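Here is the structure we will look at, set down as structure tokens.
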Amino acid sequence: MRPSTRLSPLLLLLLLFSPSSPQPHELQDQEEGDLHESFLRCVSRLSPDTADPSELVHAPADSSYPPLLASTIQNLRFASPRTPRPSLLVTPRTVAEVRASVACCKAHGLTVRARSGGHDYEGLSYRALRPSSVGRRFAVVDVAALRAVRVDAARRVARAQPGVTLGELYYAVAGGSGGALGFPAGICPTVCVGGHLSGGGFGPMMRRHGLAADNVVDAEVVDAEGRLLDREAMGEDLFWAIRGGGGGSFGIVVSWTVRLVPVPSVLSAFTVHRLVRRGGEGEQAMLRLLTKWQLVAHALPDDLFVKAAMEPKVDDDDGERRPLVVFKSLFLGNCSGMISQLDNYLPELGIKPSDCREMNWIQSMLYFYGYTNGQPAEVLLDRTLQLKDYYKIKLDYLTSPIPTAGLTVLLDKIVEEKGGSIDIDPQGGRMSETPESDMPYAHRRGYLYNVQYFVKWGGDKNVSYEEEHLGWVRGVHDLMTPYVSKRPRAAYINFRDLDLGQNVEGNTTYEDFRGNFRRLAMVKGEVDPEQVFWSEQSIPPLVVAKRKRPRQGGLVSEI
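This is how it looks when you write it as structure tokens:
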């Protein structure tokens, strides 16, 4: 690595005011060029099997840099040229190259942001708001090229690298098990497992099988030193932290081994829409239905998942913008069983046999994403399914049902111009049975629902209305304050939200949070006290007296 060059104040003034002196942007370009060249030499040394390091290491001046950086930016709010860019973008294709990338970042004083699918709601896997509190520039290590997935149906496990999408994982699991096994995770097929499992990962089978991260049985992680560690080598504290503590804090997980779950040959689902006419009996009937649904949805049999959503719809009859309430369900069984359960627990919903559709598990994943017309499972392999857009998402948890007053607020807000939609997903079942200390995701017993507030806008002509859209989603979140969890108001790391705060040195208290946060900070203090892995919402380190832990067995390899 080249030594840094320090200029005296006098020499710097002479250079700046000399007719031939380089301009500030030229000095920056030269500095970036020096960094790039030194980094290339570092990768060549630590990863000798890499034939051409320039194919991995991309500097802002390279023609490859802009398209690679933009390739998986899902939220167009952060695709602006004004967004602070990484000093280097590194695109490793092998685990050895990931290790070299991290080790070279540390050697060059760069903090690391890992990116797999680019779905981070605040873009923190590829952008910065300001120079980091640890006083260093950053690099993005993009692991999207690590896409191997292997299914062992006999052992009921699958092994997936971080760049594998949920759609690719589902397709492999269904094909590799003859449709007998599934995996409980989210509904968006373009989300990659790297970030999804790191934060927890909820989906329509969570009431029966828990979070995606609840079903992780092994992993391999590249730590801040560039070492490759399996579960035995990393120890149970770090293994605990990476399964729900959020991506970008502890290392880069380059392999996940997950437990697969049995699924019936027939599952059933329905989607019903209820348009609400305000101010009359129709509105009162909907308020009663939503109240009853809240009382039972989290306590239904574990095999039954029934969510509710609200969105605006223009009434075909009079052109008025009205609330549309949508109920969507997945049942691990046939339609007859589903209707029987609903007749017993929620007859007010009035589900008929004609509302229900039967399908296999892989078809149910297509259905929940919105493919309801018999599309082939191969569409799950399309990594470009999700359209890029401008959006903002916030989330809450409910520990008690929203009263009528709160439901009325939501119906009022959903029809506003520049507004969005609201999803309410039930927990309960396995989610309530898992002790909150078992995993970093602590929202277990007593947390009945999560509520997602979502607003999006698209097209250049609508960008000027960004503040109005953001105002809507933040306003709804504020109005819900009396009705949601308190002390603390709970949040979910996979729904990043910079409105909630940032990782600022000296501005963190460990006593006012639930025990899981303190434990995460202690793990961070042990495995990455120098904060090689840092972002505005990474876990800050809490350094305590070091415990001597013998190294044995599973250290896979060390640089």
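UniProt numbering applies: residue 1 is where the sequence shown begins, and numbers increase by one. Beta carbons: idealized from backbone N, C-alpha and C, even for Gly. If you're wondering where the values come from, they're calculated on a predicted model, not measured in any experiment.
The residue from Phe183, Gly175, Arg519, Pro86 with its alpha-carbon nearest to that of Leu166 is Phe183. Two segments are said to touch when three or more pairs of C-beta atoms, one from each, lie closer than 8 Å; by this definition the region 421 to 439 does not touch the region 265 to 278.
Residues Phe331 of the same chain have their beta carbon placed closer than 7 Å to that of Gly337, with the five preceding and five following residues left out of the count.
Boundaries cannot be given for Lys388, as no beta strand (DSSP E) includes it and DSSP labels it neither H nor E. For Pro67, there is no enclosing beta strand (DSSP E); the enclosing alpha helix (DSSP H) has its first and last residue at 65 to 70. Counting along the chain, Asn450 sits inside the beta strand (DSSP E) bounded by residues 449 to 457.
For the pair Arg155 and Pro84, the CB atoms are not nearer than the 9 Å cut-off. In the assembly as shown, Leu238 is a buried residue. Its beta-carbon has 16 or more other beta-carbons within 10 Å. The alpha-carbon of Lys394 is positioned some 33 Å away from that of Asp317.
Here the C-alpha atom of Pro488 lies approximately 18 Å from the C-alpha atom of Arg474.
Classified as buried, Glu122 has 16 or more neighbouring CB atoms from the shown chains inside 10 Å of its CB. Note that the C-beta distance between Tyr171 and Leu381 is below 9 Å. With fewer than 16 other CB atoms across the displayed protein chains lying within 10 angstroms of its CB, Thr481 is exposed. Contact between the region 245 to 254 and the region 333 to 352 is not established, with fewer than three Cβ pairs separated by less than 8 Å. Sequence-distant partners of Asp302 (beyond 5 residues in either direction) whose C-beta falls short of 7 Å from its own C-beta, in its chain, are Arg207, Arg208, Gly429, Arg430. Here Ser63 is exposed. Its C-beta has fewer than 16 other C-beta atoms within 10 Å.
Per DSSP, the continuous alpha helix (DSSP H) segment holding Leu342 begins and ends at 335 to 345. Rounded to the nearest whole angstrom, the C-alpha separation of Met359 and Gly333 is 10 Å. Secondary structure of Cys188 (DSSP, three-state): coil.
Distance from the CA of Gly176 to the CA of Pro162, rounded to the nearest whole angstrom, comes to 19 Å. Going by DSSP, His477 is part of the alpha helix (DSSP H) stretching over 466 to 479. In this structure, Val112 lies near Val532, with their beta-carbon atoms less than 9 Å apart.
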